[in-house]
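For the sequence shown, my numbering gives the first residue as 67, with consecutive numbering after it. Backbone N, C-alpha and C fix where the C-beta goes; we use that ideal spot for every residue, glycine too.
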Amino acid sequence: MTQHVTFTVEGMSCASCVGRVERALKSVQGVKGAEVNLVAGTARVDFSDATDTLALAGALRAAGYPAAEAEVRLEVEGMTCASCVGRVERALKAVPGVAAAEVNLATGSARVRYTSGTATPAALAAAVAAAGYAARPAANAGPAPDRQAEEAARLHRAFVLAALLTLPVVVLAMGTHMVPAFHHWVMVTLGERTSWLIQFVLTALVLAGPGAVFFRHGIPALLRGAPEMNSLVALGSLAAFAYSTVATFAPGLLPEAARGVYFEAAATIVTLILLGRMLEARAKGRAGEAIRRLIGLRPDTARVERDGSVTEVAVDSLMAGDIVRLAPGERVAVDGTVTEGHGWIDESMLTGEPAPVEKSPGATVTGGTVNGPAALSFRVTATGEGTVLARIIALVADAQGAKLPVQALVDRITLWFVPAVMALAAATFLVWLFLGPDPALTHALVAGISVLIIACPCAMGLATPVSILVGTGRGAELGLLFRRGDALQRLAEARVIAFDKTGTLTEGKPRLTDLIAAPGFAADDVLALAAAAEARSEHPLARAILAEAEARGLTLAAAESVKALPGRGLSARVAGRDVLIGNARALSEAGIDPAPLLPEAERLAALARTPILVAVDGSAAALLAVADPVKPTARAAIAALHDMEVRTAMISGDTRATAEAIAATLGIDHVEAEILPEGKVAALQALQATGTAAFVGDGINDAPALAAADIGIAMGTGTDVAMEAAEVVLMTGDPAAVADAVRLSRATMRNIRQNLFWAFGYNVLLIPVAAGALYPVNGMLLSPMLAAGAMALSSVFVVTNALRLRRAGPWRRA
67 MTQHVTFTVE
77 GMSCASCVGR
87 VERALKSVQG
97 VKGAEVNLVA
107 GTARVDFSDA
117 TDTLALAGAL
127 RAAGYPAAEA
137 EVRLEVEGMT
147 CASCVGRVER
157 ALKAVPGVAA
167 AEVNLATGSA
177 RVRYTSGTAT
187 PAALAAAVAA
197 AGYAARPAAN
207 AGPAPDRQAE
217 EAARLHRAFV
227 LAALLTLPVV
237 VLAMGTHMVP
247 AFHHWVMVTL
257 GERTSWLIQF
267 VLTALVLAGP
277 GAVFFRHGIP
287 ALLRGAPEMN
297 SLVALGSLAA
307 FAYSTVATFA
317 PGLLPEAARG
327 VYFEAAATIV
337 TLILLGRMLE
347 ARAKGRAGEA
357 IRRLIGLRPD
367 TARVERDGSV
377 TEVAVDSLMA
387 GDIVRLAPGE
397 RVAVDGTVTE
407 GHGWIDESML
417 TGEPAPVEKS
427 PGATVTGGTV
437 NGPAALSFRV
447 TATGEGTVLA
457 RIIALVADAQ
467 GAKLPVQALV
477 DRITLWFVPA
487 VMALAAATFL
497 VWLFLGPDPA
507 LTHALVAGIS
517 VLIIACPCAM
527 GLATPVSILV
537 GTGRGAELGL
547 LFRRGDALQR
557 LAEARVIAFD
567 KTGTLTEGKP
577 RLTDLIAAPG
587 FAADDVLALA
597 AAAEARSEHP
607 LARAILAEAE
617 ARGLTLAAAE
627 SVKALPGRGL
637 SARVAGRDVL
647 IGNARALSEA
657 GIDPAPLLPE
667 AERLAALART
677 PILVAVDGSA
687 AALLAVADPV
697 KPTARAAIAA
707 LHDMEVRTAM
717 ISGDTRATAE
727 AIAATLGIDH
737 VEAEILPEGK
747 VAALQALQAT
757 GTAAFVGDGI
767 NDAPALAAAD
777 IGIAMGTGTD
787 VAMEAAEVVL
797 MTGDPAAVAD
807 AVRLSRATMR
817 NIRQNLFWAF
827 GYNVLLIPVA
837 AGALYPVNGM
847 LLSPMLAAGA
857 MALSSVFVVT
867 NALRLRRAGP
877 WRRA
């Protein structure tokens with residue numbers, strides 16, 4: 067059995083880090099797959115039962131990228147003595163991944179520190195419960211801190227400190243070159259050696275303080291033979307600092323022409339890259355706002371009826387069956403069913419649909435939605451991870467952590483990128499040292515450091531995941547849930563989209579429009595028999611027949627021997643009479659001639675009505691016609707797909723005449739009609755032969771086709787089975803959302819291509835410039851400071867470009 071775990075990984079800074087983390091995880095026996103997301107700082111691992119999560123965490127630690135630790139406080143009930151404390155602590159420490167557990171008898175609480183991904187608060191509470199003590203995560207623990215916000219704040223502090231220390235260095239170094247009067251003043255008041263000493267001290271403070279992060283991660287990675295982005299920065303700044311230190315304290319070791327200092331380059335490199343990472347962290351934080359907004363939809367408390375009174379309790383303590391009071395304008399706490407009241411609820415934050423939805427007793431409510439002006443009461447049906455909102459958050463988080471097929475190329479390149487840059491920097495240094503003009507050593511140092519600094523695997527590593535992060539987040543805001551990140555790429559490539567008819571393109575609420583009795587039969591009598599046979603059926607057409615019988619006030623007898631005929635209809639015995647309901651094929655297979663009813667059936671089918679034949683005691687008795695209204699936005703959805711050069715098809719079990727009539731009304735290109743449930747997959751495979759094919763459905767019978775399609779798209783108004791089989795879930799039943807999903811996927815892939823073009827183009831163009839390719843032409847040699855600024859800008863550009871997706875759509879037509 068395959069298990070999954072997601073670690074929060076520390077220390078990753080570029081695409082090279084991603085490759086090393088993935089290789090470290092895949093080297094653990096039993097690991098079936100590992101996907102690392104640089105933007106989210108996570109690693110998702112698929113592994114067999116025989117693999118220990120601690121082994122995975124150990125592999126991360128050995129590779130130099132340890133899994134982050136998390137802390138949770140549990141409220142423990144039932145402890146009475148020190149022995150209880152010991153038992154609870156032992157139970158917690160036995161959970162794989164727990165690093166420390168402290169139990170406090172006086173407060174009835176336990177504080178647990180564990181490796182992120184190896185355990186969950188719920189699992190820890192379950193371990194305590196297994197030891198005989200009730201436990202739950204502390205209600206006042208609050209949400210987990212925002213890692214991106216914390217990272218941005220930390221980098222901001224480091225940048226400000228580095229900038230304050232670097233500014234005097236730059237003024238002393240560059241000011242004397244640019245302003246002759248300032249140079250003269252420095253020489254007269256401080257002297258060159260004192261100026262260099264001041265620069266040495268300030269630069270040393272920059273490298274040992276804010277810049278220590280580059281050495282702390284970069285040097286160990288270099289020693290392991292696995293250099294990454296931090297290694298490049300560490301080598302570049304350290305080379306400039308070491309050269310300048312020798313020139314300051316042992317100038318005799320250098321040729322006279324090469325006795326200069328580059329303290330400002332070392333300090334500025336660190337400062338500018340810290341600035342870039344700070345801006346990048348802020349931008350990545352904005353990229354992940356969708357998840358935080360979804361989490362923010364959950365209220366902290368709810369008013370629940372208990373022991374004859376209404377009490378305000380923490381939402382975490384709600385249980386299935388509780389009756390919750392919902393005040394006007396209040397946010398729904400968890401999923402439930404309305405028990406009292408009538409009103410309207412705004413569900414736009416989940417479905418993207420602005421119109422409020424009417425609610426009355428029996429209607430479902432979803433946690434995170436907002437009540438209108440009426441007070442309601444509802445019975446809790448799902449809490450915690452079982453709620454719709456929690457499942458949406460989990461789906462979005464999974465999609466954001468996924469890796470697209472296009473990322474495989476990036477991974478292969480970045481695997482060798484940093485070692486190649488280091489080799490190129492060394493070659494650049496040697497070429498300038500032996501072939502360059504005087505002072506050759508100075509030119510060699512400047513060119514070599516510039517090559518190290520300007521290379522940016524960060525931009526390449528961020529190009530794909532940050533776009534996925536923003537694109538899937540924006541989709542969630544629009545009610546478009548990509549259950550897997552790679553569905554974004556495949557949906558963008560879709561050339562044909564096939565729709566199920568009932569409930570997808572139509573309302574799924576058919577009504578009886580015609581009832582034509584054959585000679586010798588009374589219309590009401592046949593309708594009563596048909597309704598009795600269909601009484602226990604959940605089929606939409608059956609409900610239409612029952613609704614008409616109820617409207618006519620007919621009395622229904624009990625049906626016996628009811629037998630479903632998949633794709634044909636059903637048979638039953640009602641009041642001593644044999645009843646067969648279905649299509650012409652069903653009657654023919656039963657030896658009943660449907661010919662007397664076929665002309666009218668064909669006429670009604672041409673009007674987009676579904677003909678239903680009824681036979682009683684072996685004779686054709688009546689023709690019923692049911693019409694299922696087309697959804698108002700269906701035609702616009704098909705037109706929008708055609709505008710994107712996507713062909714459309716409809717696969718339906720309905721009669722060919724009815725299916726073709728609806729298809730003609732909507733402008734659908736291709737129709738497959740009279741298809742049995744098991745035949746939908748074959749029909750879809752025929753379409754796949756013409757290009758990447760998506761299938762849109764909502765029913766249980768659509769699940770096989772959804773699973774077989776290149777991209778399965780399920781209507782969120784449909785069944786759970788259909789949604790589990792699909793890769794894209796539309797929270798609304800609006801077919802126009804299909805066009806939205808295609809447009810969003812294409813916009814995301816276009817954004818990824820732009821990012822990759824910039825990231826690769828930047829390196830291809832500027833690394834030669836940094837190496838001195840323009841020197842023979844115009845005497846230009848790139849300054850390490852400018853190289854650092856350009857490198858920082860490249861990552862910020864990629865993330866900022868991805869953030870444009872936050873303004874995407876919806877594009878639905880009126």
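Residue i to residue j, Cα distance in whole Å?
| i | j | result |
| --- | --- | --- |
| Gly438 | Glu424 | 10 Å |
| Gly545 | Arg348 | 25 Å |
| Leu271 | Gly539 | 41 Å |
| Pro770 | Asp566 | 12 Å |
| Ser414 | Gly782 | 14 Å |
| Leu742 | Val138 | 53 Å |
| Trp251 | Trp262 | 15 Å |
| Thr724 | Tyr828 | 57 Å |
| Asp591 | Ser426 | 35 Å |
| Val512 | Ala188 | 55 Å |
| Leu535 | Ala703 | 26 Å |
| Val94 | Val71 | 14 Å |
| Pro660 | Arg812 | 49 Å |
| Ser79 | Leu104 | 7 Å |
| Gly96 | Met526 | 30 Å |
| Ser516 | Ala836 | 5 Å |
Where does the unbroken alpha helix (DSSP H) through residue i begin, and where does it stop?
| i | result |
| --- | --- |
| Val75 | Note, Val75: premise wrong, no alpha helix (DSSP H); not H, not E. |
| Phe307 | Met295 to Phe315 |
| Asn821 | Ala802 to Ala837 |
| Asp694 | Segment: none, Asp694 is in no alpha helix (DSSP H) and carries neither H nor E. |
| Tyr841 | Tyr841 to Asn844 |
| Arg127 | Thr119 to Ala128 |
| Pro286 | Ala278 to Leu289 |
Please name the residue, chosen from the options, that lies closest to residue i on a Cα-to-Cα basis.
| i | options | result |
| --- | --- | --- |
| Ala839 | Val497, Pro187 and Ala121 | Val497 |
| Arg549 | Ala81, Glu793 and Ala686 | Glu793 |
| Thr19 | Gly569, Ala441 and Leu363 | As displayed, the chain neither begins before 67 nor continues past 880, which places residue 19 out of reach and without an answer. |
| Ala853 | Leu646, Leu338 and Val390 | Leu338 |
| Val808 | Phe307, Arg540 and Glu559 | Glu559 |
| Ser303 | Ala331, Leu288 and Ala313 | Ala331 |
| Leu690 | Thr676, Val696, Gly619 and Lys697 | Thr676 |
| Leu581 | Ile520, Ile515, Leu670 and Ile563 | Leu670 |
| Pro585 | Ile658, Ala687 and Ala247 | Ala687 |
| Arg89 | Gly409, Arg110, Ala594 and Met295 | Arg110 |
| Gly275 | Ala874, Leu288, Arg220 and Glu294 | Arg220 |
| Val12 | Ala215, Ser310, Ala624 and Leu631 | Nothing about residue 12 can be read from this structure; the chain reaches only from 67 to 880. |
| Met67 | Ala228, Glu76, Lys98 and Ala121 | Lys98 |
In this structure, does DSSP put residue i in helix, strand or coil?
| i | result |
| --- | --- |
| Gly635 | strand |
| Gln69 | strand |
| Glu168 | strand |
| Thr849 | Reading the sequence as shown, one finds Ser at residue 849 and not Thr. Reduced to three states, the DSSP call for Ser849 is coil. |
| Ser861 | helix |
| Asp764 | coil |
| Val151 | helix |
| His717 | According to the sequence provided, residue 717 is Ile. The question's His does not apply to it. If DSSP states are grouped into helix, strand and coil, Ile717 belongs with the strands. |
| Gly208 | Note that Gly208 scores 38 on pLDDT, short of 50, meaning its location in the model is unreliable and no value can be drawn from it. |
| Met488 | helix |
| Phe587 | coil |
| Gly409 | strand |
| Ser82 | helix |
| Glu559 | coil |
| Ala874 | coil |
Let's see if you can read the secondary structure: which residues bound the beta strand (DSSP E) around residue i?
| i | result |
| --- | --- |
| Lys746 | Unbroken run through Lys746 is the alpha helix (DSSP H), Lys746 to Gln754; no beta strand (DSSP E). |
| Ser603 | It is not in any beta strand (DSSP E) - Ser603 carries neither H nor E in the DSSP assignment. |
### Task
Mind the definition here: the stretch 395-403 touches the stretch 365-377 only if three or more C-beta pairs lie below 8 Å; say whether that holds.
yes
#### Entry: Touch test, the stretch 678-687 against the stretch 645-655, Cβ-Cβ under 8 Å, three pairs minimum
yes
### Query
Is the stretch 702-716 touching the stretch 597-607 in the sense that three or more CB pairs, one from each, lie closer than 8 Å?
no
### Task
Could you tell me whether the stretch 307-316 touches the stretch 219-234, where touching means 3 or more Cβ pairs closer than 8 Å?
no
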